[in-house]
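Chains as they are written, first to last, in the working numbering: chain A, 2 to 183; chain B, 2 to 527.
All C-beta atoms, glycine included, are put in the ideal place defined by N, C-alpha and C.
Please read all numbers here as calculations on a predicted model, not as lab measurements.
See below for the structure under consideration.
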Ligand code: SF4
Ligand code: SF4
């Protein structure tokens, strides 16, 4: 009996020590879970989740401080992906954080803009260009549609519009669905 | 590197021996019916509707004209945002009536912007700018002429020719392959073009060969094309072209696919993610070559093409030369109209084409074939059954993929896995779909899947950009904050330093005073 148990026990001990040593020796620098969570988040940086950006929200999810259903731009698909990653049950989007909307882009009415730079300071991705007392404009390809530039504008000249649909965006629908319903 | 150089050397032997590619299908040819009468020209319709979306890889062209404006035949009417994407030209002279949204040939039945031209019937050309003395012209001039002429691959991919040739030329190409192998049943536009305009195709071969800097050109045709070989050889003998050969390849679908044709001619595979130029090859469609000859020798932009109109649903199948923008209904009319039992209109071949909801859609650069099909041509949709893992799909797949695995991954939304299993290498030939005994719509899944993978990649790129910009901004804000802190600290230090030195001075003075007092006190004692 002992001849059987002992070698296994010794082996187990050896492997345990080896693994423990490897875990210390090859520890990743940044937290891989946070990185993986952040990779799923849409990087809109809109702060609707209640954290000042996607990375802080990712950290909060990893530490258990926040739930996985607080990101409206990521929507159902995002929640599903987070649930898969973390092995949790998907939850419906928390309505307190907002609702899922089609992708949008900010447009400044350049006739009304007074050049106050407040929106430039609010934009989390530096997608607005302009200078004091000069008209501002949005770089559409860089705008994430986060809405953060709307509240600070004193003359209400920024609109969020749906990204214009382009024929280039058309994709073959899933088989079984109606054609054209991309 | 070593292996690649070896492969390039072996590719030089292209056409010496005919090889095979994996899988493929022998399909009913169905080409004869449209090859019985010579090419005909579609009469000028009452209105032309020229779509602004015609070239691959770019968004709508911007209209260069306005309603009410008169245009000449061959004048540019649309320009793409990226200059290398070329132009869209007025196919005839007349007046611009409108620039409006309307039916176009689109797989999703979507509408698109079209420039509507009312022809004046005079066919007045704009000033043509051919490339003078082209047999000795600079390759760059040839490319520029082709770009200005709005030349795109007419095999169906409509990728801008000058861009493709330039890229290949920069990588180094020894052999130009002209693709005259139309793989899909029914389509015979290239066959008729080679039969009737062999001289032009050969001139185009020489132009493209010069533009890319290749030593030789091969015109690859199918072994079932009958007289085409003799016609081409005769035309070759009559021209002073050197190092241009005609090679016959076995007719197996889809040997007209770029990668399949290369494999048939060289026995080599273009690596996944690679391009033909990695083997020193460039493949161009024969129609593109003829268009290159028009552009370079006569200075004419691309404004028309040969279109096969065929199928049991049309009275007199044939090949037509049609101006871009001609409504498909006008082509059908030229062919005697529909048969009574016509059921479906398809743009492209029966394997890879897509159904058109209306014949009001106009002819575009990509339109090689219009099929009018009857009920007996169309397989009644059969109920889909679960995959039985028979492996038939993998046996016929010319891209050597495992369609059953791809389907499993795609239908479960495992897009990353599907991509890693080679989904993007699928050439959408539909062979797997054709043989699947369970009637699984494999091709539809893969088309959908490729779109999903592309969309996800685009979203990922946008998210990465946003993350970078966010991080850069955070860093900048932190830096500004730190700078301000540093400045304040420095100021404070300065101030405290100055108070310290004052203190030091005061102390020194104090010490001096004390010393003085001490001294004077001592004097007193003396
Ligand atoms: S459609 Fe794609 S997966 Fe199917 S046989 Fe053709 S290349 Fe292979
Ligand atoms: S041919 Fe159809 S049933 Fe057979 S393995 Fe492929 S997908 Fe499955």
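Residue 146 (chain B) - containing alpha helix (DSSP H), residue span = For the purposes of this step, residue 146 (chain B) is taken as residue 145 along the second chain, with counting starting at 1. If you look at residue 146 (chain B), you'll find it in the alpha helix (DSSP H) that goes 140-149.
Since residue 172 (chain A) meets chain B, which of its residues come closer than 9 Å, beta carbon to beta carbon?
-> In the first chain, residue 172 (chain A) corresponds to position 171, counting from 1. Near residue 172 (chain A) (Cβ distances below 9 Å), the residues of chain B are 109, 448, 449, 451, 452, 453, 455 and 456.
Determine the burial state of residue 152 (chain A): buried for a count of at least 16 other Cβ atoms within 10 Å of its Cβ, exposed for fewer.
-> Locating residue 152 (chain A) in the first chain gives position 151, counting from the first residue. With fewer than 16 other beta carbons inside 10 angstroms of its own, residue 152 (chain A) counts as exposed.
Could you confirm whether any beta carbon from chain B is found closer than 7 Å to the beta carbon of residue 138 (chain A)?
-> Translated into positions along the first chain, residue 138 (chain A) becomes position 137. It does not: the Cβ of residue 138 (chain A) has no partner Cβ on chain B nearer than 7 Å.
Residue 370 (chain B), DSSP secondary structure in three states | For the purposes of this step, residue 370 (chain B) is taken as the residue at position 369 of the second chain. Reduced to three states, the DSSP call for residue 370 (chain B) is strand.
Which of helix, strand or coil DSSP assigns to residue 527 (chain B) | Residue numbering aside, residue 527 (chain B) sits at position 526 when the second chain is read from its first letter. With a pLDDT of 43 at residue 527 (chain B), under the threshold of 50, the modelled position of this residue cannot be trusted; read the value that follows with caution. Coil, per DSSP.
Would you say residue 25 (chain A) reaches chain B, if we count a Cβ-Cβ gap shorter than 7 Å as a contact?
-> Indexing the first chain from 1 puts residue 25 (chain A) at position 24. Chain B, which has no Cβ nearer than 7 Å to the Cβ of residue 25 (chain A), makes this no.
Unbroken beta strand (DSSP E) run spanning residue 355 (chain B), endpoints = Here residue 355 (chain B) corresponds to residue number 354 of the second chain, with the count starting at 1. Residue 355 (chain B) -> beta strand (DSSP E) spans 355-357.
What separation, rounded to the nearest whole angstrom, lies between the Cα atoms of residue 179 (chain A) and residue 464 (chain B)?
-> As a first step, residue 179 (chain A) is located in the first chain; it is residue number 178 there, counting from the start. As a first step, residue 464 (chain B) is located in the second chain; it is residue number 463 there, counting from the start. Residue confidence is low: residue 179 (chain A) scores 41 on pLDDT, short of 50, so the model does not pin down where it sits. No coordinate-derived value is stated.
If we call anything under 7 Å between Cβ atoms a contact, is residue 466 (chain B) one with residue 307 (chain B)?
-> Taking the second chain and counting its residues from 1, one reaches residue 466 (chain B) at position 465. Taking the second chain and counting its residues from 1, one reaches residue 307 (chain B) at position 306. Against a cut-off of 7 Å, the Cβ pair of residue 307 (chain B) and residue 466 (chain B) comes out as no contact.
Alpha helix (DSSP H) containing residue 264 (chain B): first to last residue?
-> The residue you call residue 264 (chain B) lines up with position 263 of the second chain. Unbroken alpha helix (DSSP H) run through residue 264 (chain B): 259-267.
Label residue 512 (chain B) either buried or exposed according to how many other C-beta atoms from any shown protein chain fall within 10 Å of its C-beta, with 16 as the threshold for buried.
-> Here residue 512 (chain B) refers to the residue found at position 511 when the second chain is read from its first residue. Classification for residue 512 (chain B): exposed.
Which class does residue 76 (chain A) belong to by DSSP, given the choice of helix, strand or coil?
-> Here residue 76 (chain A) corresponds to residue number 75 of the first chain, with the count starting at 1. Residue 76 (chain A) falls in the helix class under three-state DSSP.
For the beta strand (DSSP E) that contains residue 34 (chain A), what are its first and last residues?
-> Walking along the first chain from the start, residue 34 (chain A) turns up at place 33. Careful: residue 34 (chain A) lies outside any beta strand (DSSP E), inside the alpha helix (DSSP H) at 33-41.
Backbone CA spacing between residue 113 (chain A) and residue 82 (chain B) [nearest angstrom] = Reading the first chain from its first residue, position 112 is the one you call residue 113 (chain A). Reading the second chain from its first residue, position 81 is the one you call residue 82 (chain B). Distance between the alpha carbons of residue 113 (chain A) and residue 82 (chain B): 29 Å.
Report, in whole angstroms, the separation of the C-beta atoms of residue 325 (chain B) and residue 340 (chain B), which I expect to be a contact under 8 Å.
-> Indexing the second chain from 1 puts residue 325 (chain B) at position 324. Indexing the second chain from 1 puts residue 340 (chain B) at position 339. The pair is not a contact, with the Cβ atoms about 27 Å apart (cut-off 8 Å).
Measure from the C-beta of residue 179 (chain A) to each C-beta in chain B and report whether the shortest distance is under 7 Å.
-> Locating residue 179 (chain A) in the first chain gives position 178, counting from the first residue. Because residue 179 (chain A) sits at a pLDDT of 41, beneath the cut-off of 50, its placement in the model cannot be relied upon, and the following sentence gives the value as read from the coordinates. It does not: the Cβ of residue 179 (chain A) has no partner Cβ on chain B nearer than 7 Å.
At least one CB of chain A closer than 7 Å to the CB of residue 52 (chain B): is that the case?
-> Residue 52 (chain B) sits at position 51 when you count from the first residue of the second chain. Residue 52 (chain B) does not count as touching chain A.
Cα-Cα, which of B:224, B:252, B:254 and B:206 is closest to residue 240 (chain B)?
-> If you number the second chain from 1, residue 240 (chain B) lands on position 239. Taking only the C-alpha atoms, the option nearest residue 240 (chain B) is B:206.
Kindly say whether residue 6 (chain A), judged by its beta-carbon, lies nearer than 7 Å to any beta-carbon of chain B.
-> In the first chain, counting from the first residue as 1, residue 6 (chain A) sits at position 5. False, the Cβ-Cβ gap to chain B never drops below 7 Å.
Backbone secondary structure at residue 96 (chain B) - three-state DSSP | Residue 96 (chain B) sits at position 95 when you count from the first residue of the second chain. If DSSP states are grouped into helix, strand and coil, residue 96 (chain B) belongs with the strands.
Using only alpha-carbon positions, find the residue among A:133, A:108 and A:140 that is nearest to residue 157 (chain A).
-> Against the first chain, residue 157 (chain A) aligns to sequence position 156. Taking only the C-alpha atoms, the option nearest residue 157 (chain A) is A:108.
What is the C-beta distance between residue 256 (chain B) and residue 250 (chain B), in whole angstroms, given that I count them as a contact (C-beta under 8 Å)?
-> Position 255 of the second chain, counted from the first residue, corresponds to residue 256 (chain B). Position 249 of the second chain, counted from the first residue, corresponds to residue 250 (chain B). With a Cβ gap of about 6 Å, residue 256 (chain B) and residue 250 (chain B) count as contacting.
What separation, rounded to the nearest whole angstrom, lies between the Cα atoms of residue 502 (chain B) and residue 477 (chain B)?
-> Reading the second chain from its first residue, position 501 is the one you call residue 502 (chain B). Reading the second chain from its first residue, position 476 is the one you call residue 477 (chain B). One C-alpha to the other measures close to 37 Å.
Give me the Cβ distance between residue 474 (chain B) and residue 127 (chain A), rounded to the nearest whole Å; I'm assuming they're in contact under 8 Å.
-> Sequence index remark: in the second chain, residue 474 (chain B) carries index 473 (1-based). Sequence index remark: in the first chain, residue 127 (chain A) carries index 126 (1-based). Yes, residue 474 (chain B) and residue 127 (chain A) are in contact; Cβ-Cβ is about 5 Å, under 8 Å.
Three-state secondary structure assigned by DSSP to residue 178 (chain A) = Counting from one through the first chain, the residue named residue 178 (chain A) turns up at place 177. At residue 178 (chain A) the pLDDT is 49, less than 50, meaning the model places this residue with poor confidence; the figure from the coordinates comes in the next sentence. Coil.
Nearest candidate by alpha-carbon position, reference residue 298 (chain B), set B:202, B:42 and B:62 | Position 297 of the second chain holds residue 298 (chain B). Ranking B:202, B:42 and B:62 by CA distance to the CA of residue 298 (chain B) puts B:202 first.
Can you check DSSP and say which residues form a bridge with residue 26 (chain B)?
-> Locating residue 26 (chain B) in the second chain gives position 25, counting from the first residue. Answer by DSSP bridge pairing, in chain order: B:254.
Have a look at residue 430 (chain B) and residue 28 (chain B) and give me their C-alpha separation to the nearest angstrom.
-> Along the second chain, read from residue 1 onward, the residue named residue 430 (chain B) stands at position 429. Along the second chain, read from residue 1 onward, the residue named residue 28 (chain B) stands at position 27. Going by the C-alpha atoms only, they are around 13 Å apart.
Ligand 1: which residues have Cβ under 7 Å from any of its heavy atoms, chain order?
-> Each of B:24, B:394, B:397, B:398, B:399, B:400, B:402, B:404, B:407, B:427, B:428, B:429, B:430, B:431, B:432, B:433, B:434, B:443, B:444 and B:447 has a C-beta closer than 7 Å to some heavy atom of ligand 1; these make up the full list, in chain order.
Helix or strand or just coil, what does DSSP make of residue 24 (chain A)?
-> Counted from its first residue, the first chain places residue 24 (chain A) at position 23. Helix, per DSSP.
Start and end residues, alpha helix (DSSP H) containing residue 213 (chain B) = Start at 1 with the first residue of the second chain, and residue 213 (chain B) comes out as number 212. Start and end: 199-213.
Identify the contact partners of residue 108 (chain A) in chain B, using a Cβ-Cβ distance below 9 Å as the criterion.
-> On the first chain, position 107 is the one that residue 108 (chain A) refers to. Going along chain B, no residue has its Cβ under 9 Å from residue 108 (chain A), so there is no contact; the nearest lies around 18 Å.
Measure from the alpha carbon of residue 24 (chain B) to the alpha carbon of each residue in B:402, B:150 and B:303, then state which is nearest.
-> The residue given as residue 24 (chain B) occupies position 23 in the second chain. Residue 24 (chain B) has its Cα closest to that of B:402, out of B:402, B:150 and B:303.
To the nearest angstrom, report how far apart residue 559 (chain B) and residue 199 (chain B) are at their CA atoms.
-> A query on residue 559 (chain B) cannot be resolved here, the shown segment of chain B reaching from 2 to 527 and no further.
Please find out if some non-hydrogen atom of ligand 2 comes closer than 6 Å to the beta-carbon of residue 115 (chain B).
-> Position 114 of the second chain holds residue 115 (chain B). Outside the cutoff, so no.
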